[in-house]
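In what follows, a structure is listed as structure tokens, so that the remarks can point back to it.
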Amino acid sequence: MPKEVTLRIEPIDGFEHLAAKEWADKIAAAVRAEEDAAKARRAKTGRRVLGRKAVLGTAPTSRPRTVEPRRKLRPHVACRNKERRRQELSALRGFRKAYRDARLRWIAGESTVFPEGTYRFAAFGPRGHGAAQT
Numbered sequence: 015m016p017k018e019v020t021l022r023i024e025p026i027d028g029f030e031h032l033a034a035k036e037w038a039d040k041i042a043a044a045v046r047a048e049e050d051a052a053k054a055r056r057a058k059t060g061r062r063v064l065g066r067k068a069v070l071g072t073a074p075t076s077r078p079r080t081v082e083p084r085r086k087l088r089p090h091v092a093c094r095n096k097e098r099r100r101q102e103l104s105a106l107r108g109f110r111k112a113y114r115d116a117r118l119r120w121i122a123g124e125s126t127v128f129p130e131g132t133y134r135f136a137a138f139g140p141r142g143h144g145a146a147q148t
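Our numbering numbers the first residue of the sequence shown as 15 and each following residue consecutively.
Okay, structure coming up:
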């Protein structure tokens, strides 16, 4: 695994025309709006935000008493542009097939190279795409 990688952040589809400052301001405004809405909901229901002492006094192993309803949607790709979404889903299917094939070869004891983007097995020894040959 590389010691360092570069994370490139790109504007999402539909917002490419905004300058970085405009984009940051838009995000900050959306966060403020959500915080204000949450504050209004708490005021309406009488619920309060936990304070520092209450948070620190909570056991790290504690669980909520209520169960959140399970959702049926589990999107792995979110994109407004339908063609781009189709391409990304196709690439994801290709990656999963390549990973599955490499994993089965590895389990069978064969030497294999996992597809680019595979990091989980780095500690176990199999090489990933682009790894240094030893």
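Here a beta-carbon is modelled for each residue, glycine too, at the ideal position from N, C-alpha and C.
Does DSSP classify residue i as helix, strand or coil?
i	result
F29	coil
V45	helix
V127	strand
R100	helix
I121	helix
V63	coil
G108	helix
R56	helix
L70	helix
V86	Note on identity: in this sequence residue 86 is Lys, with Val being the wrong assignment. Residue state, collapsed to three classes: coil.
Y113	helix
A92	coil
If you compare alpha carbons, which of the options is closest to residue i?
i	options	result
P89	T80, R79, R100 and V81	R100
A105	R117, V69 and V91	V91
Compute the beta-carbon to beta-carbon distance between residue i and residue j, rounded to the nearest angstrom, for a pair I have assumed lies under 8 angstroms.
i	j	result
F109	P129	6 angstroms
Y113	T132	6 angstroms
R56	V45	16 angstroms between Cβ atoms; not a contact.
Using the beta-carbon count (16 or more within 10 Å), is residue i buried or exposed?
i	result
A54	exposed
A34	exposed
T148	With a pLDDT of 41 at T148, under the threshold of 50, the modelled position of that residue is not reliable, and the figure given next carries that caveat. So T148 counts as exposed.
A146	Residue confidence for A146 is low, a pLDDT of 45 falling below 50, so the modelled location carries little weight; the figure read from the coordinates is stated next. Per the 10 Å Cβ criterion, exposed.
A73	exposed
A116	buried
> Would you call the stretch 22–34 and the stretch 94–101 touching, i.e. three or more CB-CB distances under 8 angstroms?
Replying inline: yes
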